[in-house]
Structure formats: structure tokens, C-alpha cells
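The block underneath contains the structure these notes are about, expressed in C-alpha cells.
Protein chains: 4
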Amino acid sequence: MIVVMKVDASSEQMARVITRIESDGYKSHISEGDERTIIGVVGESPTPLKEENYGAMEGVDKVVRISAPYKLASRTFHPADSLVPLNGSKVGGNKVVVIAGPCSVEGRTEIIEAACAVKEAGATALRGGAFKPRTSPYSFQGHGEKGLQWLAEAREMTGLPIVTEVMDPALVPMVCQYADVLQVGARNMQNFTLLNAVGESQHTVLLKRGMSCTIEDMLMAAEYILAHGNMKLILCERGIRTFEKATRNTFDLNAIPVLKRLTHLPVIADPSHAVGYSEYVEPVARAAVAAGADGLIIEVHPNPAEALSDGRQSLTPQRFASMMEQVRRIAEAVGRTA
Amino acid sequence: MIVVMKVDASSEQMARVITRIESDGYKSHISEGDERTIIGVVGESPTPLKEENYGAMEGVDKVVRISAPYKLASRTFHPADSLVPLNGSKVGGNKVVVIAGPCSVEGRTEIIEAACAVKEAGATALRGGAFKPRTSPYSFQGHGEKGLQWLAEAREMTGLPIVTEVMDPALVPMVCQYADVLQVGARNMQNFTLLNAVGESQHTVLLKRGMSCTIEDMLMAAEYILAHGNMKLILCERGIRTFEKATRNTFDLNAIPVLKRLTHLPVIADPSHAVGYSEYVEPVARAAVAAGADGLIIEVHPNPAEALSDGRQSLTPQRFASMMEQVRRIAEAVGRTA
Amino acid sequence: MIVVMKVDASSEQMARVITRIESDGYKSHISEGDERTIIGVVGESPTPLKEENYGAMEGVDKVVRISAPYKLASRTFHPADSLVPLNGSKVGGNKVVVIAGPCSVEGRTEIIEAACAVKEAGATALRGGAFKPRTSPYSFQGHGEKGLQWLAEAREMTGLPIVTEVMDPALVPMVCQYADVLQVGARNMQNFTLLNAVGESQHTVLLKRGMSCTIEDMLMAAEYILAHGNMKLILCERGIRTFEKATRNTFDLNAIPVLKRLTHLPVIADPSHAVGYSEYVEPVARAAVAAGADGLIIEVHPNPAEALSDGRQSLTPQRFASMMEQVRRIAEAVGRTA
Amino acid sequence: MIVVMKVDASSEQMARVITRIESDGYKSHISEGDERTIIGVVGESPTPLKEENYGAMEGVDKVVRISAPYKLASRTFHPADSLVPLNGSKVGGNKVVVIAGPCSVEGRTEIIEAACAVKEAGATALRGGAFKPRTSPYSFQGHGEKGLQWLAEAREMTGLPIVTEVMDPALVPMVCQYADVLQVGARNMQNFTLLNAVGESQHTVLLKRGMSCTIEDMLMAAEYILAHGNMKLILCERGIRTFEKATRNTFDLNAIPVLKRLTHLPVIADPSHAVGYSEYVEPVARAAVAAGADGLIIEVHPNPAEALSDGRQSLTPQRFASMMEQVRRIAEAVGRTA
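So the protein lines, in turn, are chains A, B, C and D.
All letters in the first sequence, in the order written, are residues 402 to 739 by my numbering.
All letters in the second sequence, in the order written, are residues 402 to 739 by my numbering.
All letters in the third sequence, in the order written, are residues 402 to 739 by my numbering.
All letters in the fourth sequence, in the order written, are residues 402 to 739 by my numbering.
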């Protein structure tokens, strides 16, 4: 951490900053410029440095953090890629995994039909929501535990592991009984109560980026889960909110290589939410894999025009099969399989 | 709702749209242009119209919603201003209410001292967090129920009602035992499990705008609470996330008059979070009241440089008293009191 | 400037950074932490420091700038408020100036009528565009020099000085013959050719913030003008582009106190563009003055439904007169006049 | 266009809207709902419909545009892909073109060296700026016409056509004497004077997306150029400004397939500016081609740490050659060459 003093800071104000640094257990390293003084804070101490408090001291202009605020999630802590097992593959390994299925679990028949279709096309896992976060209280909210049971049936028939969202910290133990992977949705990325609950569960977690969360925010949210000793964590870029309204969100493609550099955790992409229109899902899926994504999560529905949610962005099984073909070719072009 | 057909839509595709409109219980009103056909959907039906499904039908270019998706929150439903009682005042009435106090409840003495100071300066209610949503799992997370007990003591001594955040749906009943107003924080604005829980509680709620949520998203979140019959709801603009980094967030001043027009619910502003630096809190507070805000929520700390959270944006009690003077003059200039 | 070395930087890489600092004419101040080394760059030199080049050196993690990149625009360079004369007032002084008039100059009669109306209500200056930057090539582009002549006539009749936009660097001398204040529009805030031309003109300039420009970008654009020795410069906040679409732009209210602290230049606000709907112009205008704006620029049109541009956000003369009353009361509440 | 009346609109207000529609030469198609009336505007007329004016009429709630506001740029107007010749290739055809070179032309030797290196690696054209738009007036502004002469020499030696930026409308004829392609930079995307000048020149133009411009804004800027009969236009996605600061801009990958659907014009990508750090340029370049980009523009510098501008994002010739290899494999995977 670096404390930048104001141009007109008094020597007393500087002395107070230095005293505080020492009482926090660090050493201060003073660099007097022609215009102003800069104080480097070095060393280690059990007391975490509170930038904000230093920023609120008199005579301080600003405080600049040097180290990343996350630890367990960083490549410095864990240089090698973390591998998270999923259906015989390892997410984060050579194979690009593809999780596919409908937005919501709409019925027993529907989810089984979807599961068979995505399996046929080569999906690694089945997605489907039994608890749905909906902007409107009047929209379909999901079938709840019944939906989980249907998912379990679909798994039994196809062998595909299940990825499903959990929204309520109190329901984490119940959802764990059915799900192979707990999904934390974008709107809950900073629901710290939920992050603690899924961390404690020791279940595999898929953490989606919040629509206005920075890459650093995402790694801090990951840190909440990792801090419980739960290292089975997959990150997912799903688009951020910007001024552009031609698409539902703006897919932050840059985030894929940036995350792969900053963290050892596997990173997948959700083109369906990132773009919001089925006609653009295929190019975005290809691009994500070309940029180094370890996998994809794709909305597939037998009949998008009848879907209870997200029909506008769902691929038909036919289109999904075609997407898989394209993704395989891109995966090969970057030295991977899909 | 209006369904805009593609330029090259076939008559069969159009017929299928019309059939669907009718089977949903509405009437279709066809407008054939030179270039393309537009279908208006009119009438009422118990079946909600799913824009997304129509958007996913073949031959459909786009779907345009005409009516607001919220009902109970709208001025159409409830034309008069809703008044929410708080400490003998009515939030949403002539008096501009001011909720003030530290970000976190840090100790018994500290919160009592802060309560006395803000009361002295004319605050309407006391704020203070016992459960803190922190970006980092390594930051101070709040004193929990003990913090609530200290808040209750401070209320007993000063008569100021308590506004405090609740993060965990399971803890809503417990927090209700202490708090006069339940705060739902920005990061939880679309935590629908929590919205349902505070709605059911029938307790007064302060709902803060999510940092990337639109005004419409906010009214939909309000709708979740109102749908439980809990009309004691106060909305709070607290800044949105934009590209500008000179301030912590970008205060969306426009949102105040827009919300006052769209909804009957009272609207307050949080200049502390909206700007993030104590030196700018006063002008933003004045502006919010000048624009028509029904109240303010302000972070005040006896010693900001020692605050366990948000020190950089906290006013000292002296500055807060000065702010109150300024706010009173602005309130008078717009025909209100403070 | 501070150069933060990578955790694994070699001593050779560090030596190369130090050599470069010295050859650029500065001194380096090394601070060895437990994890990594930080190099402070101090002293003065005619060679400007190129952060980007240091950032591109091997072994460098990142480069942190400490000083503001603008000089002439900063309060450090010029601590007192700059005052820009306008119609007997000084923009930046105690009086809140109000520039008002139609978006476009539509005809001789119309602009004279508008000028009389805004003068009657107490405006300080008349605005009106003769050259219009329009998103569409098919929209009305302005009457050009004829429009400027009509503006000059309106000035003669009312005594109101003229504020008008210039878009083409080649036309700056011609526009200077008519205009009292040259407006550089938001879309041209980083049109450096134009900034140089208006700087050279030594005419009073009104510089509007670009819709995606930071406060720092704006001060750098100001620096282009000031670097020509032209200090008659007024800055204008007019809303930025964000995800919120309920209003045309998002008025960055925070920018007013931030700019007033960083720069000595006067700062005015444009509520008409900032919000985009006439029904919200009054509260935004009140708020801007409450936050410390030195003036306002307001679109007023005798008949908004017939305006050739920006009708949706234009006030009628009656509403403008009412706004002036409100603004006067707010100005008094902050110890100013209007 | 659709005019949505307010719920409480009077029949007189509606009549006035209808009268206006008719006097503008269109037909109105009234759709009376249970709650409110919607008026469709159909037919053709030489009078363009001014949404804003209708929006400013009494009794009107909002106006919804149905057709795209651009014509010449749209697929409806020109269904087949437009092909723009460049160095024997056609931009927009099967081959993915790659334009490469330094940000600025820094000297005769440097640009010739760079030209040879990028040619060797397989580039289609040479980029290099002689006129540089710089945020700071104190930064290197380019060598001007001398830089153009050096570019011409480099072309003579390598056969690579030249892509270079023009900033001043008055200099368009001069730049045309040297350049094969005129680049309009992001900060000038809505500099309409410049758009008109490059349109009139009938020279090939590369139009970069403004950092806060929507896809529609970009197509409207294209329309300015096309309206002069200049159809030799290439669009370029180069990243937009968002809240994420881990990268210089946010590459809007979605924009590539969206533009390819909306317009017939070729679309290329600029990964260098879109991400801003050389270590991420390769994955972003691969992704752009995977998503369907017709080409790339890449900053390459023999010694990035000494570059006069943009060193942080420039590839060395070695890295560029490696990038070309990767891009070729991706191009093949999508059925193209590079």
C-alpha cells in the first residue's frame, strides 16, 4: 500500500500516518518528492491494512493498493490450473466442457427430452433451474424441489450431471442432495450469506459474474467460497451491463484471458445470457472458446417459443448440435478438444 | 404489447402469432404498413403476456412492451403519495427526514455517542449496520445480534428509531425484534428470497437501488415486497456504477424526479455512498433535497479515520450539523421543512 | 509516478528501469517490500514521463501516476476561482448565470421571439445552434451563417450575448464574428483539431463534457484550450452515458463539486440534455445550483412540439420563467443570486 | 412509428396527433386498448417523421420507432455483403485481412522496419499514425505530412497499402494523396464535419466505433459517409467504455455478429485498443475471427518499451507472427483463410 500525502500536508500529519503504520505492525518507507511525499507501507502484520482509514486521515490525498485483495483465488497462491471434476472430465483441463439445457425445468417430460437431446449432441452436463430468480414477482418462479427430482430422473436416464441454481442459503443442503453443481446466479454474486453457505457445503460451485461486478469483485466473491476450504469452484463470465442495448448484456470477452492470468480457477462462458438472442449464440460461443474459455453453458429448449423463461435466447436442439460442431473445430484450432 | 413482424414474415407466421394472442385470451389489432405488419395486443386476460415467447416465434422481429411491468408500485395504481411513518414524521410528507449514523455499529459506547450527536443535529432516525456486506471475506463483518442490542440501547437513550440492514432471509424475524426499519442493501436489491422475507415481515423496509439496476428494476424489486401486502416501503437512490472513477459511484440525480413521477412510494437519497468522499457529501445532499428527495441517509462517525468501514465517506458530527443547516435552507427553498 | 515491479522481476529488469528513470532526468527511490519492489520516480526534468513505456518494460507489473496530468486547469496552478465575463456578470462569481434559448435557430422571427422571452424571465445570455451536430444525416443540420446573422439581430434587440456551437475548425474565425461564446459540443470534446482552433481564437469558450468522457478527460480537453493562452473557458456537465435508459443521459451531479475542487474554471450544468424530458428539467436545474454550479444552460422553445430539434426536452417560456423563480430561491439558499 | 397516448389523454389531444400525422403525409392506424390508445403511423411521405416532436405533444406518453433510422447501411437496402478492395484481397470476402503496424509513425527507419516485419508475417496492409489524437496536449502529436511521406516510402518497399488516421477535415485531400485507407478514429466517430469530408473524398474509409457509441450510432455515422455515394467503407469494433477497469476498454464481441446481421459493410476488430495490454491481444484476436470478423487491425512495434504511443498494447514482430499463426488456424476452423 502507498499513502500519497497532499501537497500541503504538514509534518505533523505525516508523523501521524507513520505512527499509525507502525502501530498496525508495518514499516513505512518515505519518499520525498519535490512536490509531495509518498509513504510506502511494507512488511507483514496480522493487522489487515484498511485503506479507507488511511484515506480518511488529515493530510492524506489518496491511498494506492499494490497487492491484489484476494489470496486463495490468485495465481500467486496457486500457480497451476485448478481442475474441477465433472462427468469424467476435468473443468480447466484440455477438454472444453459444455453444460446445456433449458433455462427452467418446466416438467418431467420436457427436462428428460432436453437432457437426451443435449447428451446426443455431446454435452458434458445438464443445466436447468428449479428455483428461478425473476425480475417480476408475477413471472414463473420455478417448480422447486419437484424440479430437482425431475432433474435427478434426467440424470439417471442420461448419466449427465446436474447444474442448478440455488438462491436461498437455507435451501443449500436440500439442493445439494440433488445437484452435482450448485449455481450461484449473477444477481446473487455478492449475496455474501449465500456465498458462505455454498462455501460451507463443500459442493462444486459455479459462480456467475454479477452484471455490474468487476473482475476483481468476482475474485473477491470467489474468495468467500474458497475461504471455507471449498476449492471446487468454476467461474462464469455471462455479460455485463453497459449502455449498449442491441444485445441483452455485453459479453466481456476480455475477462476470459484476464481471469485465466489472474486466477487458477477454471473459467467458462455463458453466451446465451451474454448476448440474449439465439441468432448470436453460436458466434459468441466460438469466440469464447477461441479466447481460452474452459467451457460453455448454453440454454437449449425443444421449443423456444413455448419456454417458460428465456425463450428468446434458447437454441433448439438442432442448432445446439450445429454449435457443438463449430465449437469442436475451434477447440481443435486452439489445441483442445470439445 | 406490440408485436413487430419481420419485413419478410409469411402470412402463416403472422397467423400463428394471432392464434397465440387469442389463445392467451387477448385480441389482436393488425396494422399493415407498406414495409411490415405490426400487431397490437389488446384486452385483458388472466394469462400474463410473455414477451420473450412472442419474440422467439418465427417471423417476429421484435416485441415492444407498452405498459409498465409493475402495478402496485405505480402511480396509476395509487395516485397519491404514500406516507410511511417514522419517528412522528411521515416519510413522503412535507418534512425531509434525515437518517444518520455510522456505517457499522462498532461498539456500545460508539453507537450511543453517534446517536446522541446525530440527534442533537436534528436527525430523524439512527442508522448503523450490525450485519455488514463486505466485498472481502477478510473485512469486519459486523457484530451481529450484539450490535442490534446496542442499537436498541441507543434508541432507548435518544428516542431515535433504528434503520439497520438485514442480509439473511432466515434472520429477518430476529432483526425485526430490534429494528424499526429493515434495510435491504444495494447488493441484495435483486435477492428475491430476501425481498420475499422482508415483504412477509410486514415491517417498514428501506430498499436501496442496486448499483447496476435500472429504475424499472428497482420498481420491480419494490413490487416483490408490495405483493406481500407490505406497503411500508421507502426507496433509496445511492449511486450507480459507471465508467467515472473520480467518485465511488455516480449519483443518479435524475432518478429522484423520475421515481417521484412513476411511483407513489417515498424516495430518499444516500449521498455518502453515491459519492464516496466526505468532502462531497454536503453538496450532493443539498442537491438531492433540491430535486425533491423525501429524505437523506448519511454516514456520520465520531472519528472517520478509525471507522471499521466507510471512513472515507463519513462526516464528523460537526460537519453533519453543518450539513443539516444547509439542508434546512434548501428544504425551505422548495417549500418543505427538514 | 510509481513503478510497481512484478513479484518475480529480476534484478537486471529492475536495473533497466532505474537506468531509464535516470536517463529521463529523474531520480529513483527504491522501496523493497517482502513481496515485491516499488520504485518511486521523483524530481523534475524537461522529459515528460511516459507511463506506457515503463508499463511495457519487462519485469514491470504496473505504473501508478500520482500527479494530475493537467496543469493549467488545476487549482494547484491557479488556486483562486477564474471569472469569465458574460453580459456584465462574471461566470464563476456569486451570480448564477442562465443561458437559455432554442436548440436550433429555426428562423429570424422564432429566435427573436425566444430571445425576448428568455430575457424577460431573467436569462443572462441567449443560446441557439446555427450548425447542428445531428446523429442522422437526414435530420435538419442548421441554417449556418444565416442562423448566426439572426442570432446577431436577436442580440441587438435584447442585449443578450450569444452562445452558439462551432463544429468545423475552419469555421471558427467566421463564427467568432457573430458569437460571444463558442460552444464545443459533447461529441467534439475530444476533437483536438477543434480544441486547438478555439484555443487559438482567444474567444470565450463553453466546453461540454463528452458523454463517455471522465472528469479527467474533460480537464485534459480544457488543457488543450488553455495551452493556447485562452483562459476564458467555461466547463459544462451535461450528462453521461450509462445503462439507465429512463432518461436521455445520466446527469453526473457529483461532477459539479468534484470539478469545483479540482479546477479554478467555472462550471455550469445543462439539465436539458442531462435528463432529456422537459418535465424533469426544473428539479435537475435546482439540484445543479444547490450543488454549486456557477450557471445553467437551458433549452427553451416557444412551441416544443414544433421544434426542429430537441423538442422533447425544451421548456416553454412560461415553464422557463417558473424555473427561474425556483432557481433564484435555491441560489439564495446557498448564498448566491440568480 | 407508433405513438402511445397517455392513459388520460383527451380525444382532442388524440385528434391533434392524427391531424399532424396526416399533415406529415402519413396514415394513422388507431388501436384502442382497454387502458390506452396506440396510434400506428403507416405509409410513405417525403416528410421525415420527427419522433421528438410527437413526443413533445400533449397527451402523448411515448413514441416507439419501428424501422431502423439508417438506410444505405442496412441489409434491407443492400442484402449482399459489400466487398471493399484492399491489396488484392476484398475486405468482407473469404479472406480475413490483417492491418498491422505501429500506433505512430516515429521515423523513416522505424516505419520501414515495421512494414517489413508485418509483411513477412503475412499482414495485408500497414497501419501507422502521422496525425495522433492524444488525450494530453503535451504528448507526441505525430510527424504530420512527413510521417505520411515515410509511410509512402514503406509502401513502395513492401507493397503494403497504407491505413492512416485523418483528424482535420481540411487535411482530407492532402492525406488522400498518401493513404490507401483513411481512418476515422473513435473520438471522431461523431465528428460530422469530418464524416462529410471523408465521404466526399470517395476514398476508402475505416470507421472506428466511438467508445460510448451504440451499434446504431455507428451505423448512423456510416450513413453520413455512404450518403455521399462513398460505399468503400469498413467498420471497426475497438472496445467500448464500461465500469470494468482491468482492461483499457471492453471489447464488444457481440457487436461483430450483430453488425454482420444489420449491415452489408465489412466489419473488422481492433484487439489492441479493445484490451489495451499486449498479453491479451492474441486471445482477443482469435475470438474476433471466431465470431466472424472480416479482419483485424493490430498494433505492432519493434520495441514496445520505446514506442512514442500505445507501447503497452503493442505486440513485438515475433508475437505478431505467432498471432498470425493462431489466427490462420481459427480462420480455417470457420471456413475462411487469413
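Where a beta carbon is used, it is the ideal one built from N, C-alpha and C, also for glycine.
DSSP, reduced to helix, strand and coil, places I731/A within a helical segment of the structure shown. Cα atoms of S540/B and M621/A: separation of roughly 11 Å, rounded to the nearest angstrom. Legend: CB atoms of the stretch 525-548 of chain B lying less than 7 Å from CB atoms of chain D are not found in any residue. No residue range can be given for L572/C, since it is assigned to no beta strand (DSSP E) and is classified by DSSP as neither H nor E. Judged by beta-carbon spacing, V564/C lies within the 9 Å limit of A580/C, meaning their Cβ atoms are closer than that value.
Looking at the DSSP output, R528/B shares a beta bridge with V564/B. Judged by beta-carbon spacing, A675/A lies within the 9 Å limit of R639/A, meaning their Cβ atoms are closer than that value. Closer than 8 Å at the C-beta level to chain A, one finds these residues of the stretch 562-578 of chain B: M568, D569, P570 and A571. Within 10 angstroms of the beta-carbon of Q584/B lie 16 or more other beta-carbons, which makes it buried. Contact between L666/B and A623/B holds, since their C-beta atoms are separated by about 6 Å, short of 8 Å.
Against chain B, a Cβ distance below 7 Å from Y681/C picks out N655, P658 and V659. Secondary structure note for D462/B: its beta strand (DSSP E) is the uninterrupted segment V461 to V465. Bridge partners of E433/A according to DSSP: T438/A.
Counting C-beta pairs closer than 8 Å gives three or more between the stretch 709-718 of chain A and the stretch 454-462 of chain B, which meets the contact rule.
Assignment of beta-bridge partners to E638/A by DSSP yields A670/A. Spanning the alpha carbons of C577/A and V567/A requires a straight line of approximately 9 Å. Not flagged as an interface residue toward chain C: D425/A, since no C-beta distance is shorter than 9 Å. In the displayed model, M558/D falls within a helix according to three-state DSSP. Shown here for M612/C: same chain residues with a beta carbon closer than 6 Å to its own, the five before and five after excluded, namely A587, I641 and R642 in chain order. DSSP links L607/B through a beta bridge to Q584/B and I635/B. Residues of the stretch 603-637 of chain B with a C-beta less than 8 Å from any C-beta of chain C: S613, T615, I616 and E617, listed in chain order.
Counting only the Cα atoms, G600/D lies some 43 Å from E413/B.
The Cβ-Cβ distance between G677/A and N650/A falls below 9 Å. Ranked by how close their Cα comes to the Cα of D618/B, the residues E645/C, I626/C, T664/C and S505/C have E645/C in first place. Bridge partners of K491/C according to DSSP: P486/C. At a cut-off of 9 Å, the C-beta of F721/C has no neighbouring C-beta in chain B. Residue environment for T536/B: buried (at least 16 other C-beta atoms within 10 angstroms of its C-beta).
With fewer than 16 other Cβ atoms inside 10 Å of its own Cβ, R466/A counts as exposed. Rounded to whole angstroms, the separation of the alpha carbons of P503/B and I512/B is 8 Å.
With fewer than 16 neighbouring CB atoms inside 10 Å of its own CB, F478/C falls in the exposed class. Chain order gives the chain D residues near E453/C as D711, G712 and R713, where near means a beta carbon separation below 7 Å.
Judged by DSSP secondary structure, L595/B falls outside any beta strand (DSSP E) and instead within the alpha helix (DSSP H) spanning F593 to S602. Put simply, the CB of S412/D is far from chain B, with every gap to its CB atoms at 9 Å or more.
A688, A689, V690, A691, A692 and G693: these are the residues of the stretch 688-705 of chain A whose beta carbon lies less than 8 Å from some beta carbon of chain D, given in chain order.
For the stretch 449-480 of chain B, the set of residues with a beta-carbon nearer than 7 Å to any beta-carbon of chain C is empty. Comparing C-alpha distances from S483/B to each of I403/B, L716/B, R662/B and P703/B shows the shortest one belongs to R662/B.
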